[in-house]
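Student:
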Amino acid sequence: MLQIKSVLVVFFLSIAWIFPAASQAASMPNGADASYKWKFATLAPRGVGWARQVEEVLFPVILEECEGDLFVKVYWGGVLGEDADVVAMIKNGRLSGGGFAGQGATLLCKEFGLFELPFLFNDYGEVDFIKEKMQPVLDEAAARNGLKLFLWNDQDFDQIYSTRHPIASLEDTKKASFIAWYGPMEETLLHRLGAKTVKVEVSRAASVLRQGEADAGIAPAIWVAGTQLYSILRYVNPIKIRYSPAPIAASLEAWNTLPEEYQTALLSRQMELQDKFCQGVREDNEKSIKAMLQYGLKEVRVNPRNLESMRRQALPVWKEMTGVMYSQELLDEVQAHLEAYRTPTP
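In our numbering, the protein residues as written are 142 to 487.
#1: Taking contact to mean 3 or more Cβ pairs, one atom from each stretch, closer than 8 Å, check whether the segment 384–404 and the segment 281–296 are in contact.
#2: Return the chain-ordered list of same chain residues with a C-beta closer than 7 Å to the C-beta of P259, the five sequence neighbours on each side being excluded.
#3: Please confirm whether V339 and E354 have their CB atoms less than 9 Å apart.
#4: Does the structure place the segment 238–245 close enough to the segment 213–225 that three or more beta carbon pairs sit under 8 Å?
#5: What is the rounded straight-line gap between the Cα of E257 and the Cα of S385?
#6: For A321, collect the residues of the same chain with a Cβ closer than 8 Å to its Cβ; drop the 5 residues on either side in sequence, then sort them by chain order.
#7: Leaving aside the five residues before and after W179 along the sequence, list all residues of the same chain whose C-beta is less than 8 Å from its C-beta, in chain order.
#8: Find out if the Cβ-Cβ distance for the pair V189, I363 is shorter than 9 Å.
#9: Cutting at 7 Å between CB atoms, please list the residues of its own chain near K272, excluding the five before and the five after it.
#10: Which full runs of the alpha helix (DSSP H) of 4+ residues lie inside the segment 222–251, going along the chain?
#11: So what's G324 in DSSP terms, helix, strand or just coil?
#12: Would you give the residue range spanned by the beta strand (DSSP E) that D295 belongs to?
#13: Could you name the residues of the same chain whose beta carbon sits closer than 8 Å to that of C207, not counting the 5 residues immediately before and after it, in chain order?
#14: So if DSSP puts N378 in a beta bridge, which residue, or which two residues, is it bridged to?
#15: Look at the Cβ atom of D356, then the Cβ atom of S318, and state whether they are nearer than 9 Å.
#16: DSSP beta-bridge partners for P386?
#17: Within its chain, find whatever has a CB closer than 6 Å to the CB of R305; leave out the 5 residues flanking it on each side and keep chain order.
#18: Along the chain, where does the beta strand (DSSP E) that runs through W179 open and close?
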């Protein structure tokens, strides 16, 4: 009993460090005197992970570079609905922009789906290299949809979590029932892996797992820790099955209302902000995993043969999504960049 209490104390102290109280986070002034007022929405709860980076990293730069003349009101925690609802409200002018999860990224511009392909990336070094090469392509794709892609942030290399048994092979996935919250690509992937799926909206994902309607899911560590699902989950498999972006975008209509000097000033800080934001999120995800392992989650080890079997079974998803979310030309370009990155320099 004493050992269990000690583990709980360590865990909750860890979570407090990762997710400080929202009242401690930076916030914007009330904006009464601002000439430009934007309304943003996001699924992220205030004070948790990505939201903390918005308040501590992004807001101070907006205040500085726009001289306090741009006020951003954020509706946190999905109070205005799912990512699809937020995108619709941006398009009809009710919102100026938003912050999005991986599933919502493809609603901003479907080409984001290319970077969410299963087993595309091996590590964040590859992700950062591809961002450097491909961000202009995403900027143009978003602009065609009437959006200004401001930050290409990270959600995570999402992990596989399960409640009943460890998932370390194709045989294991066939015995599992996964929440499917991420959109068509995730459903296609899970079916390729032989898993049963329970289609849910993000807002219901945690409750579906708690109620036992599903017993597994692919998700980011910050979300799992923040929703306290660690109390019912038993296993985590950290294989890099999927990289997920978490972009921040505004409508071009809202962006173009800003004076040119504000636009220029913000864009001059774009890469600095993106790097700092992503570094913070990556650290929070890593801390979340460590805290949950201390709490009692068991890390699943996958042997190379089983990993290769899962990868081979997932690869046809790349072809199935070609022409649906991205062009063959774009896929070829990304693969060429990755090959160049992975080839040792003589």
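For glycine and all other residues, C-beta sits at the position ideal for the given N, C-alpha and C.
These numbers come from a predicted model, not from an experiment.
Tutor: In this structure, then:
#1: A contact between stretches requires three or more CB pairs, one per stretch, nearer than 8 Å, and the segment 384–404 meets this requirement with the segment 281–296.
#2: The beta carbon of P259 is closer than 7 Å to those of L330, I382, R383, A455 and V458 in its chain, skipping five residues each way along the sequence.
#3: Taking 9 Å as the cut-off, the Cβ atoms of V339 and E354 count as close.
#4: At 8 Å Cβ cutoff, the stretches touch.
#5: Taking the Cα positions, E257 is about 6 Å away from S385.
#6: For A321, where only same-chain residues beyond five positions count, the Cβ hits under 8 Å are E327, E328, L331, T338, V339, K340 and V341.
#7: Excluding positions up to five away in sequence, the list reads L211, F212, V213, K214, S237, G238, A391 and A395.
#8: Their beta carbons are under 9 Å apart, which means V189 touches I363 by this criterion.
#9: So the qualifying residues of the chain are W293.
#10: List check, alpha helix (DSSP H) in window: 224–232 and 243–249.
#11: If DSSP states are grouped into helix, strand and coil, G324 belongs with coil.
#12: Element bounds for D295: D295 to S303.
#13: Only Y177, L399, Y403, A406 and L407 meet the Cβ criterion.
#14: Its beta-bridge partners are I301.
#15: Judged by beta-carbon spacing, S318 lies within the 9 Å limit of D356, meaning their Cβ atoms are closer than that value.
#16: For P386, which the question treats as bridged, DSSP gives the partners D295.
#17: Excluding sequence neighbours, R305 sits near D356.
#18: Counting along the chain, the beta strand (DSSP E) containing W179 begins and ends at Y177 to T183.
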